[in-house]
Amino acid sequence: MAKFLKLLLIYVFFIVTSCLSVSCSTMKSGHYVQVKSTDTLDTLAKEFNVSKEKIAESNSGKAITPGDWVFIPIKRGVLVQDFEARPFDPKAYLKSGEFLWPVPASNVISSGFGHRWGHAHEGIDISARIGSHIVSAAEGVVVYSGSEIGGYGNITVIAHKNGFFSVYGHAKVNFTHQGQRVYRGQVIAQIGMTGRTTGPHLHFEIRKNGEAIDPTTFLAVNQ
Numbered sequence: 006m007a008k009f010l011k012l013l014l015i016y017v018f019f020i021v022t023s024c025l026s027v028s029c030s031t032m033k034s035g036h037y038v039q040v041k042s043t044d045t046l047d048t049l050a051k052e053f054n055v056s057k058e059k060i061a062e063s064n065s066g067k068a069i070t071p072g073d074w075v076f077i078p079i080k081r082g083v084l085v086q087d088f089e090a091r092p093f094d095p096k097a098y099l100k101s102g103e104f105l106w107p108v109p110a111s112n113v114i115s116s117g118f119g120h121r122w123g124h125a126h127e128g129i130d131i132s133a134r135i136g137s138h139i140v141s142a143a144e145g146v147v148v149y150s151g152s153e154i155g156g157y158g159n160i161t162v163i164a165h166k167n168g169f170f171s172v173y174g175h176a177k178v179n180f181t182h183q184g185q186r187v188y189r190g191q192v193i194a195q196i197g198m199t200g201r202t203t204g205p206h207l208h209f210e211i212r213k214n215g216e217a218i219d220p221t222t223f224l225a226v227n228q
């Protein structure tokens, strides 16, 4: 499972799995960005080399308000985000407390990040009772919510600012839908045993532009 995500990256698995339920010809290509106080339609159009008319059309003509997420229609795909042009320190950002522990009812890690059974395990498994709440680690936009990805069962993928993504697998039920904006700490699913699993737990990942990061390096279990 982990190798699947590593080889194809989150961008590819979103495009592939979405094609299972909708026509690829109807999907928008691009990505979400969070609006800064200095952003306008003109500055976003210049930064991403796309007309402001297309940006407005892709967001139903809504106002560009600081803090909101807007969709930028570009050819690179909905999950390929590159924020490196803006001053940014990924390590400092992760340690800032922006990302929350995703299972309030449990701090038990049943399987850590790294190699397991001869394969890469690119997340952590957090054991908890079936039905326990799973919360969004940070504010973002749901880019996938479904059950068509390999052995992950019911899985949710959320895009966050600065090119980060969080992944939540094996849920009993998902409470979100693609394109939904969620806030930090919002209940997005319940602990379950869907997919390939030997017991109730959350498979949780944090990724930076598709590359897996060990969540235990910056997530505090008592947040």
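Position in the sequence shown counted from 1, then plus 5, gives you the numbering used here. Positions of the beta carbon are idealized from the N, C-alpha and C atoms, including for glycine.
Note to self: Between which two residues does the alpha helix (DSSP H) holding Ile60 run?
What the structure shows: 57 to 63
Note to self: Assuming the contact rule is C-beta atoms closer than 8 angstroms, Thr199 and Lys177 should be a hit. Round their C-beta distance to whole Å, please.
What the structure shows: 7 angstroms
Notebook entry, point to check: Mind checking whether Val147 and Ile163 have CB atoms under 8 angstroms apart?
Noted result: yes
Note to self: To the nearest angstrom, how far is the alpha carbon of Ser116 from that of Ser152?
What the structure shows: 22 angstroms
Notebook entry, point to check: Could you give the distance in angstroms between the alpha-carbon of Ala217 and the alpha-carbon of Ala142?
Noted result: 15 angstroms
Next item on the list: Please state if the CB of Asp130 and the CB of His182 are separated by a distance shorter than 8 angstroms.
Entry: no
Item checked: Beta bridge counterpart(s) of Val172 as assigned by DSSP -> Val162, Glu210
Note to self: Mapping the DSSP letters down to three states, classify Asp130 as helix, strand or coil.
What the structure shows: strand
Next item on the list: Go ahead and pull the three-state DSSP assignment for Ala110.
Entry: coil
Next item on the list: Consult DSSP for Phe223 and reduce its assignment to one of helix, strand or coil.
Entry: coil
Notebook entry, point to check: With which residues is Tyr149 paired in a DSSP beta bridge?
Noted result: Val162
Notebook entry, point to check: Hey, quick one: how far does the alpha helix (DSSP H) through Ala68 stretch, first residue to last?
Noted result: Run containing Ala68: none; DSSP gives neither H nor E here.
Notebook entry, point to check: CA-CA distance, Pro189 and Trp106?
Noted result: For clarity, residue 189 is Arg in the given sequence; the question names Pro instead. Approximately 10 angstroms between the Cα atoms of the pair.
Check: Does the Cβ-Cβ distance between Ala133 and Ile196 come in under 8 angstroms?
Finding: yes
Check: Can you list, in chain order, the residues of its chain whose CB lies under 7 angstroms from that of Asp219, leaving out five sequence neighbours each side?
Finding: Phe118
Checklist line | Sub-8 angstroms separation of Asp2 and Lys57 beta-carbons | finding: A question about residue 2 goes unanswered here, because the residues of the chain that appear run from 6 up to 228.
Notebook entry, point to check: With DSSP run on the structure shown, which of helix, strand or coil describes Asn167?
Noted result: helix
Item checked: Pick from Phe53, Glu52, Val40 that is closest to Lys67, judged by C-alpha positions -> Val40
Next item on the list: Provide the residue span of the alpha helix (DSSP H) that contains Glu4, from first to last.
Entry: Residue 4 lies beyond the residue range present for the chain, which begins at 6 and ends at 228; the question has no answer from this structure.
Item checked: Local Cβ density within 10 Å of Glu89, reported as buried at 16 or more and exposed below that -> Legend: pLDDT at Glu89 = 38, less than 50; position of this residue unreliable, value from coordinates given subsequently. Answer is exposed; the Cβ neighbour count stays below 16.
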